[in-house]
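Engineer: I'd like to ask some things about the structure below.
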Amino acid sequence: MILRRYFVACGFVSFLAVGCGDLAISSTEYTKQVVQENNVAQLIAEVQDSQKAEELFIQGNNFLDSSRYKEALVLYNQAIEVKKDSVETWVNRGNALIALHRYDEALESYDQAIAIRPNKNEAWYNRGNALSALRRYEEAVKSYDEAIVIEPDKFEAWINRGIALTKLRRYKEGLASYNEAISINPNSHQAYYNKACNYALQNKPDLAIEYLVKAMQMQPEKYQKLAQNDTDFDKIREKKEFQELLK
Numbered sequence: 024m025i026l027r028r029y030f031v032a033c034g035f036v037s038f039l040a041v042g043c044g045d046l047a048i049s050s051t052e053y054t055k056q057v058v059q060e061n062n063v064a065q066l067i068a069e070v071q072d073s074q075k076a077e078e079l080f081i082q083g084n085n086f087l088d089s090s091r092y093k094e095a096l097v098l099y100n101q102a103i104e105v106k107k108d109s110v111e112t113w114v115n116r117g118n119a120l121i122a123l124h125r126y127d128e129a130l131e132s133y134d135q136a137i138a139i140r141p142n143k144n145e146a147w148y149n150r151g152n153a154l155s156a157l158r159r160y161e162e163a164v165k166s167y168d169e170a171i172v173i174e175p176d177k178f179e180a181w182i183n184r185g186i187a188l189t190k191l192r193r194y195k196e197g198l199a200s201y202n203e204a205i206s207i208n209p210n211s212h213q214a215y216y217n218k219a220c221n222y223a224l225q226n227k228p229d230l231a232i233e234y235l236v237k238a239m240q241m242q243p244e245k246y247q248k249l250a251q252n253d254t255d256f257d258k259i260r261e262k263k264e265f266q267e268l269l270k
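The letter at position 30 of the sequence shown is residue 53 when you use my numbering, and the numbering goes up by one with no holes.
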């Protein structure tokens, strides 16, 4: 009897049409509900992931600040597994790797940050530092240039750019870079010291000593110790004025 009634019901096309229409509406509404619920669940998951990644990032920063670089790196890696598009995590991961002298890996980390945010000044600046450590000075200069375009007043980038240019024996350009740093920050003792190195490499003792004195006036113990063993001063090391300065 049940089977017979089924065939009878199926005989009424109009009834089935209405029934199918009702089913279609219900299906659409159900689909919308499922999509909405899935979207909410996805948003909640994303928020939770962001919070977890942020916690790992902060813990990593604490280790980085404490010079516990390997532990910082572990936490940055975990943060990236959770949230791969965190520019700050990629940058600080690179900083930890530089501290561990793993320069090629640091470079890759900065490149990841730049791929996500091309105008990230810190990524370009630290990328230049990694390249300088690898003695890839031409590329380093280009990275510092990118950093300076984004933040023209970053005097540290001007100094490190000057060092890379000096390593390339592009002495005049190096001096111009140090001068720019000094114009931004007149108390930049690093710029004065590196100007001294630049002039010493050109065998210009008077100018080398002049700027070494300026650096030593700001940080006497630091630069006296550095100058004693810095090979950049080898050409003027026998000069009486230089030797007197280091006593």
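Ideal Cβ positions, reconstructed from N, Cα and C, are used throughout, including at glycine.
Quick caveat, the model's predicted, so the values are computed rather than measured.
Considering ASP168, what are the terminal residues of the alpha helix (DSSP H) in which it resides?
Structural biologist: Residue numbering aside, residue 168 sits at position 145 when the sequence shown is read from its first letter. Here the alpha helix (DSSP H) through ASP168 covers 160-173.
Engineer: Measuring only the C-alpha atoms, how far is LYS190 from ASN226?
Structural biologist: Taking the sequence shown and counting its residues from 1, the one referred to as residue 190 is at position 167. Taking the sequence shown and counting its residues from 1, the one referred to as residue 226 is at position 203. If you take the alpha carbons of LYS190 and ASN226, they lie about 15 Å apart.
Engineer: From which residue to which residue does the alpha helix (DSSP H) around ILE259 run?
Structural biologist: As a first step, residue 259 must be located in the sequence shown, where it is residue number 236. Here ILE259 belongs to no alpha helix (DSSP H), and DSSP marks it neither H nor E.
Engineer: Hey, ASN85 and ASN118: beta-carbon distance below 8 Å or not?
Structural biologist: The sequence position of residue 85 within the sequence shown is 62, counting from 1. The sequence position of residue 118 within the sequence shown is 95, counting from 1. In this structure, ASN118 does not lie closer than 8 Å to ASN85 by Cβ.
Engineer: Report the three-state DSSP secondary structure of GLN240 (helix, strand or coil).
Structural biologist: If you number the sequence shown from 1, residue 240 lands on position 217. Here GLN240 sits in helix by DSSP.
Engineer: Exposed or buried, what is SER132 when buried is set at 16 or more other beta-carbons lying within 10 Å of its beta-carbon?
Structural biologist: Start at 1 with the first residue of the sequence shown, and residue 132 comes out as number 109. It is buried - the Cβ of SER132 has at least 16 other Cβ atoms within 10 Å.
Engineer: Where SER109 and ARG91 are concerned, what is the direct C-alpha to C-alpha distance, given to the nearest angstrom?
Structural biologist: By 1-based counting over the sequence shown, the position of residue 109 is 86. By 1-based counting over the sequence shown, the position of residue 91 is 68. Cα-Cα distance, rounded: 21 Å.
Engineer: With distances taken from CA atoms, which of TRP147, ALA214, PHE178 is nearest GLU233?
Structural biologist: By 1-based counting over the sequence shown, the position of residue 233 is 210. Answer by Cα proximity: ALA214.
Engineer: Quick one, which of TYR160, LEU79, GLU174 has its alpha-carbon nearest ASN142's?
Structural biologist: Here residue 142 is taken as the residue at index 119 of the sequence shown, counted from 1. Nearest of TYR160, LEU79, GLU174 to ASN142, Cα basis: GLU174.
Engineer: Quick check on the DSSP output: what are the complete alpha helix (DSSP H) runs of length 4 or more inside the segment 124-148, in order along the chain?
Structural biologist: As far as the segment 124-148 is concerned, its whole alpha helix (DSSP H) runs of at least 4 residues are 126-139.
Engineer: So, with DSSP's three-state summary, where would you put PRO209?
Structural biologist: Residue mapping note: residue 209 aligns to position 186 of the sequence shown, counting from 1. Here PRO209 sits in coil by DSSP.
Engineer: Which residue comes first and which comes last in the alpha helix (DSSP H) that contains GLN101?
Structural biologist: The count along the sequence shown starts at 1 and reaches residue 101 at position 78. 92-105 is the extent of the alpha helix (DSSP H) around GLN101.
Engineer: Quick one: using the 10 Å Cβ neighbour count with 16 as the cut-off for buried, is GLN74 buried or exposed?
Structural biologist: Position 51 of the sequence shown, counted from the start, is the residue given in the question as residue 74. Burial call: exposed.
Engineer: If LEU96 and LEU130 are in contact, beta carbons under 8 Å, what's the gap, nearest whole angstrom?
Structural biologist: Residue numbering aside, residue 96 sits at position 73 when the sequence shown is read from its first letter. Residue numbering aside, residue 130 sits at position 107 when the sequence shown is read from its first letter. So it is not a contact: roughly 15 Å between Cβ atoms.
Engineer: Measuring only the C-alpha atoms, how far is HIS124 from ASN152?
Structural biologist: Here residue 124 refers to the residue found at position 101 when the sequence shown is read from its first residue. Here residue 152 refers to the residue found at position 129 when the sequence shown is read from its first residue. Taking the straight line joining both Cα atoms gives about 11 Å.
Engineer: Spatial neighbours of ILE171 within its chain, please: C-beta separation below 8 Å, excluding the five flanking residues on both sides.
Structural biologist: Within the sequence shown, the letter at position 148 stands for residue 171. Taken in chain order, the residues that qualify are LYS177, ALA180, TRP181, ARG184.
Engineer: Quick check on this structure: which residue in GLU94, SER206, GLU264, TYR167 has the alpha carbon closest to the alpha carbon of TRP147?
Structural biologist: In the sequence shown, the residue the question calls residue 147 occupies position 124. For the residues GLU94, SER206, GLU264, TYR167, the minimum Cα distance to TRP147 belongs to TYR167.
Engineer: Using three-state DSSP, classify GLN74 as helix, strand or coil.
Structural biologist: For the purposes of this step, residue 74 is taken as residue 51 along the sequence shown, with counting starting at 1. Helix, per DSSP.
Engineer: Alpha carbon to alpha carbon, how far is ALA231 from LEU222? Give it in angstroms, no decimals.
Structural biologist: As a first step, residue 222 must be located in the sequence shown, where it is residue number 199. As a first step, residue 231 must be located in the sequence shown, where it is residue number 208. Here residue 222 turns out to be Tyr, not Leu, going by the sequence shown. Roughly 5 Å between the two C-alpha positions.
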